[in-house]
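Numbering (my numbering), first residue to last: 183 to 663.
Note that the Cβ used here is the ideal one computed from N, Cα and C, for glycine as well.
Because the structure is a prediction, the values reported are computed rather than measured.
Structure first, commentary second.
Here's what the structure looks like:
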């Protein structure tokens, strides 16, 4: 039996289990591909402090065989020639996987998954055109993926002059063109809806979309202000797991435990470092590398408050929250108002807080008006780190928080005491976090977390009170006429 066993490359695994990446149906595949490309463009532009201009175009290539072509283009910094192969042709390659800060993509799977799905369903490589500001010409190259080696296969690489539609030279940016087996659909779960939602929570972006019928939709930017730049932070002891702590100790070159604890973790003062060592029965002069498995376990127990000093758990500072970049109330209001016509908009950005050592922040918005159907459920707009969540609404923590509120006392209809309310309204919920916990690898819904649930519920109650005041005022005005 041992003779028949062999190691499988991560890319080969995902090739056989593409549903993990969101490519489990023809309708969903095109949305996933757009999502990965647009997320990358927004992140790249923001990191380079460039206001994003994003163009998305979908064309029908073969209707009988369900072959679509997706082209996305941005004005971001571009990708240097030597990095293109790894960015597009190697799973788990990325700059954000180990960084503890808010970002759209963290697994390093995204765009390479699109290249892989495209190759799997059409046999065609993905074409990449990239221009960085320091170069006079752009790199033009076709990228495929060797799934057994988790390595890019490039072809037809050349350098060309990249011109805009007005024949001026492109200063910097990226264009990705790929063909795949997919079906374009309209409605709630569509590319149009994904981009519409993206424009709401990214009011600094200018987004243009051309659908397969040649119809063009434009969501202009409503602010020139880029999201605040986020800093990477060190892990907090409350969010560490045993295996991670073992690896950190093993790889450490620090000469003392106090130095190791203060330099590698957030929230640990010198006092706390000494007390953690005391609780774990470790000498402060010990080298982290010399710790035995039982020592590491004892240190973790001290982190988690299971070991105490003088009958008390060690007090640790909260992690810094400069790793988060909320949208902020005024910009949520502008984002909602540009896509939904309404008379009343209320928004709230809660103060940052911490769950299991991970900073997070909840933002909500409620828009109410005649332009929406009064006899249908309110539109629920869910987001995590500015990315729309399109699927599994019922199984998402954010939806559960909305359903837990008795909306009848705030002027909306609701069957029973719980459930998504009915009325001419839309409810927006955004979770900004360094560690968003999803229910699956496809990142479609948030898993249960009592701290996030409670923060979201409190914000919803505040929104409800604002809506009730608005409706009461409206009734009074109607009576005085």
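Considering Cα atoms alone, identify which of the options is closest to residue i.
i	options	result
residue 404	652, 349 and 514	514
residue 654	620, 592 and 486	592
residue 228	260, 210 and 373	260
residue 303	265, 292, 331 and 206	206
residue 396	239, 372 and 637	239
residue 210	588, 447, 371 and 637	371
residue 123	506, 391 and 527	For residue 123 there is no data in the structure shown, the boundaries of the chain being 183 and 663.
residue 319	554, 305, 296 and 345	345
residue 312	324, 329 and 305	324
residue 262	317, 383 and 651	317
residue 534	354, 637 and 230	637
residue 414	366, 502 and 367	502
residue 364	214, 516 and 224	214
residue 559	421, 607, 383 and 521	607
residue 583	569, 610 and 557	610
Is residue i helix, strand or coil when you go by DSSP?
i	result
residue 475	helix
residue 380	helix
residue 211	helix
residue 652	helix
residue 541	strand
residue 220	helix
residue 301	helix
residue 662	helix
residue 665	Coverage of the chain is limited to positions 183 through 663, which leaves residue 665 absent and any answer about it impossible.
residue 486	coil
residue 566	strand
residue 355	strand
residue 255	strand
residue 627	coil
residue 420	helix
residue 619	coil
residue 232	coil
residue 499	coil
residue 461	helix
residue 293	helix
residue 450	coil
Kindly indicate if chain C contains any beta-carbon less than 8 Å away from that of residue i.
i	result
residue 309	Within the model displayed, chain C is absent; a lone protein chain is all it includes.
Which residues does DSSP pair with residue i in a beta bridge?
i	result
residue 336	325
residue 535	542
residue 399	391
residue 547	529 and 610
residue 250	242 and 362
residue 561	608
residue 320	342
Tell me which residues share the same chain as residue i and place their Cβ nearer than 6 Å to its Cβ, disregarding the 5 neighbours each side in the sequence.
i	result
residue 389	236, 377, 381 and 401
residue 594	603 and 605
residue 566	613 and 618
residue 481	462
residue 599	588
Less than 7 Å between C-beta atoms, sequence neighbours within five positions excluded: which residues of the same chain meet that for residue i?
i	result
residue 470	431, 434, 436, 439 and 442
residue 590	596
residue 646	587, 589 and 592
Who are the Cβ neighbours of residue i in its own chain at under 8 Å, not counting the five residues just before and after it?
i	result
residue 575	562, 564, 581 and 627
residue 621	574, 577, 578, 627, 628 and 629
residue 490	461 and 496
residue 473	431, 464 and 481
Any 3 or more C-beta pairs closer than 8 Å across the stretch 522-540 and the stretch 323-342: no
Three-pair Cβ contact test at 8 Å for the stretch 252-271 versus the stretch 216-231: yes
Cβ pair count under 8 Å reaching 3, the stretch 490-502 against the stretch 443-454: yes
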